[in-house]
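Residue numbers (the numbering used here): 272 to 960. All residues carry an ideal CB built from backbone N, CA and C; glycine is no exception. Inspection log for the structure reproduced underneath, given as structure tokens.
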Ligand code: C2E
Ligand code: CA
Ligand code: CA
């Protein structure tokens with residue numbers, strides 16, 4: 272909660288307070304300094320007045336002297352005494368006209384000869400500096416005091432200079448200027464000031480620190496309260512998930528991003544079956560507990576970037592972000608169904624509460640957030656209609672397709688372990704079309720209800736569901752087992768899926784183990800891969816391929832020419848053979864460009880020391896073309912369809928298999944239209960990645 276950003280903000284808000292505190296401290300210091308100065312001046316004035324009053328009253332015949340009558344010896348003696356008294360280190364006497372009658376410095380110290388009696392001291396004019404103060408005191412009778420600080424050796428560091436009028440019956444007779452040494456007093460006051468200043472500083476600092484602490488605590492509490500308010504405004508209080516308003520905002524944002532070309536998303540609507548019963552039978556507290564548990568499971572099931580919300584009651588929703596394909600949504604939907612279907616423990620009792628999920632896809636089912644929410648709800652209604660915990664898309668066709676796929680995966684898993692899969696082998700002939708070189712193993716699945724299912728359909732599903740690893744291993748083991756019964760001249764080709772390379776070295780081990788278990792020499796095995804395998808994690812895949820060739824097996828590039836950059840991959844790995852795709856064979860002799868391409872592929876491959884196979888040879892004309900173009904190996908229905916191991920026709924094959932019927936003349940054949948092909952899997956082909 273105390274984010275560095277928040278703390279930075281707090282410090283920023285604290286700054287004016289700190290500056291204010293500092294200013295107050297400085298102002299207090301200055302005020303105290305001023306107070307000390309005023310105090311000193313008051314003291315100085317008081318001392319000067321006191322002295323002047325004492326001088327006026329104690330010097331005999333002062334009035335006469337001020338009136339120009341000169342100083343009597345008694346007056347001078349008293350003045351001399353006064354000169355040595357206390358803090359006064361100098362004084363001057365002026366007459367009413369401002370003439371200087373006497374400067375104490377000119378007086379003789381006691382014991383020395385005094386200036387001649389009744390001789391007035393020479394009257395000198397006051398200097399300009401003192402002029403104004405002197406005139407003022409003579410005019411108004413009000414004393415004038417100035418505090419001075421000096422660095423001159425003949426003066427004390429701090430002294431006050433005061434003009435005090437000598438008055439009789441309200442008449443100003445003259446003035447006394449007194450210099451009072453204030454050094455000791457200033458030191459005393461300074462020391463006291465420093466002490467007080469220190470105490471005040473400490474007190475203010477302590478007060479400031481307390482204030483800052485108090486303020487900080489209050490600010491933190493306010494911030495926490497604010498955050499809590501914000502959280503409460505955005506989240507559902509009971510479950511901590513987003514509330515409806517925030518969910519809609521998140522949907523709007525996702526929609527805006529998707530509209531600008533960003534990732535797609537899906538809305539999943541979730542409902543807990545029989546929630547009302549839980550509330551009615553176990554009470555609302557138990558109902559709340561269940562809702563919290565559901566929210567927790569939902570959050571654990573989705574990824575970090577997905578959002579979970581409770582829209583009300585037992586109605587939850589998920590925004591699935593970054594959706595590229597409907598399968599991702601159905602997978603999450605199913606995961607949610609599975610996770611929420613696990614038993615709960617509510618109010619100390621085990622409880623089963625299934626949940627259904629409906630989903631709407633951005634771009635597919637709608638693009639407005641309201642529309643998507645609405646359609647996800649409709650999908651949910653359909654899912655709930657099945658009366659069991661399930662997942663549904665809004666689009667019924669998509670739903671059916673995916674349901675169908677899920678069913679196939681389920682059945683395929685069963686088929687794999689129940690031995691419902693088997694292999695067919697399709698012959699590969701040398702260029703002459705008569706010499707059998709080997710067979711390609713092709714997997715077959717005869718579904719008990721659906722009948723034969725094309726590998727084009729189930730191999731991609733096996734790849735998606737992860738079944739391909741077990742399936743591929745089974746094909747490899749079984750094919751090696753069969754091939755080991757063939758004459759040593761015949762090779763075996765096995766198709767590998769990119770998914771089988773995910774575990775890298777493990778595949779090398781599996782291949783070795785299958786060969787060893789069957790007793791088949793490695794050089795008789797060819798592994799067919801597609802270029803898409805090389806498009807991805809090239810370095811790791813190339814390494815695995817090298818390890819495989821090191822064991823003696825050969826690597827073949829299948830479906831050559833159908834990818835995006837077939838040629839680019841030829842130099843990446845030393846293939847033993849490339850298989851020109853059926854699509855080229857079909858157009859041979861019809862489109863001169865195709866002939867040109869095939870000829871170029873053959874020439875390129877041969878120059879790289881790579882053999883060339885041509886797939887899908889269905890007519891003698893195609894075969895002749897391929898022979899002319901220099902293909903090394905031919906494969907297709909013309910030469911032999913994929914058949915079970917028991918029906919293979921080669922030297923040493925089981926008795927019931929007759930000798931291969933090889934085409935001798937073009938008239939022997941009538942090309943089969945694809946629709947009449949006996950097996951559905953012979954027509955389409957899966958993308959093997
Ligand atoms: P593929 O590897 O290109 O296999 C050749 C496909 O062409 C086979 O289809 C075969 O029956 C068909 N075919 C052969 N000659 C002709 C012909 O003259 N005309 C026509 N129209 N088709 C012909 P199939 O058996 O349906 O296999 C389809 C694809 O399924 C294969 O293409 C391969 O990609 C994949 N597949 C099959 N078995 C396996 C397997 O055991 N493992 C893996 N990973 N993939 C497999
Ligand atoms: Ca193949
Ligand atoms: Ca192929």
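Following the DSSP letters along the chain, one finds residue 792 in no alpha helix (DSSP H), marked with neither H nor E.
DSSP, reduced to helix, strand and coil, places residue 762 within a strand of the structure shown. By the criterion of at least three beta-carbon pairs nearer than 8 Å, the segment 650-662 is not in contact with the segment 701-717.
Taking C-beta atoms under 8 Å as the contact rule, residue 651 and residue 538 fail to qualify, at a distance of about 10 Å. In the three-state reduction of the DSSP assignment, residue 601 falls in the helix class. The segment 819-828 and the segment 788-798 touch, with three or more beta-carbon pairs separated by less than 8 Å.
Remark: C-beta atoms of residue 431 and residue 451 approach each other more closely than 8 Å.
Boundaries around residue 549 are those of the alpha helix (DSSP H), 546-553, since no beta strand (DSSP E) includes it.
The Cβ atoms of residue 543 and residue 607 lie no closer than 8 Å to each other. Take residue 812, set aside five residues on each side of it, and the residues of its chain with a beta-carbon closer than 7 Å to its own are 772, 804 and 805, in chain order.
Fewer than three beta-carbon pairs drawn from the segment 476-488 and the segment 454-467 are found closer than 8 Å, and the two stretches are therefore not classed as touching.
Residue 909 and residue 733 have their alpha carbons spaced roughly 30 Å apart. Counting only the Cα atoms, residue 786 lies some 28 Å from residue 680.
Here the segment 680-697 lies against the segment 743-750, with 3 or more beta-carbon pairs under 8 Å apart. If the five residues before and after residue 296 are omitted, its C-beta is found closer than 6 Å to the C-beta atoms of 475, all from its own chain and listed in chain order. Taking the Cβ atoms as the reference, residue 436 lies roughly 48 Å from residue 478, outside the contact range of under 8 Å. Per DSSP, the continuous beta strand (DSSP E) segment holding residue 452 begins and ends at 442-452.
Spatial neighbours of residue 666 in its own chain (CB-CB distance under 7 Å, excluding positions within 5 residues in sequence) are listed in chain order as 635 and 636. The C-beta distance from residue 343 to residue 328 rounds to 16 Å, too long to fall under 8 Å, and the pair is not in contact. Fully contained in the segment 629-684 are the following beta strand (DSSP E) runs of length 3 or more, in chain order: 662-664. Nearest to residue 525 by alpha-carbon distance, out of 640, 417, 442 and 841, is 640. Closest option to residue 616, judged by alpha-carbon separation, among 673, 631 and 558: 558. Within 10 angstroms of the beta-carbon of residue 453 lie 16 or more other beta-carbons, which makes it buried. Here the alpha carbons of residue 739 and residue 777 stand approximately 14 Å from one another.
In terms of CA proximity to residue 827, 848 leads the group 792, 349, 671 and 848. Contact annotation: residue 579 and residue 603 have beta-carbon atoms that are not nearer than 8 Å.
Membership of residue 438 in the beta strand (DSSP E) is indicated by the continuous run 429-439. Around the C-beta of residue 500, fewer than 16 other C-beta atoms lie within 10 Å, and the residue is accordingly described as exposed.
Looking at the backbone, the Cα of residue 823 and that of residue 781 are separated by about 14 Å.
At a Cβ-Cβ threshold of 8 Å, residue 592 and residue 569 do not count as neighbours. About 5 Å separates the beta carbons of residue 885 and residue 897, which is inside the 8 Å limit, making them a contact pair.
Closest in C-alpha terms to residue 831, from the list 407, 303 and 876, comes 876. Taking all protein chains shown into account, residue 508 has fewer than 16 neighbouring C-beta atoms within 10 Å of its C-beta and is therefore exposed. With 16 or more other CB atoms across the displayed protein chains lying within 10 angstroms of its CB, residue 322 is buried. Taking residue 855 as the centre and dropping the five residues before and after it, the same chain places the C-beta of 832, 865, 868 and 869 closer than 7 Å to its C-beta, in chain order. One Cα belongs to residue 548, the other to residue 585, and the distance between them is close to 12 Å.
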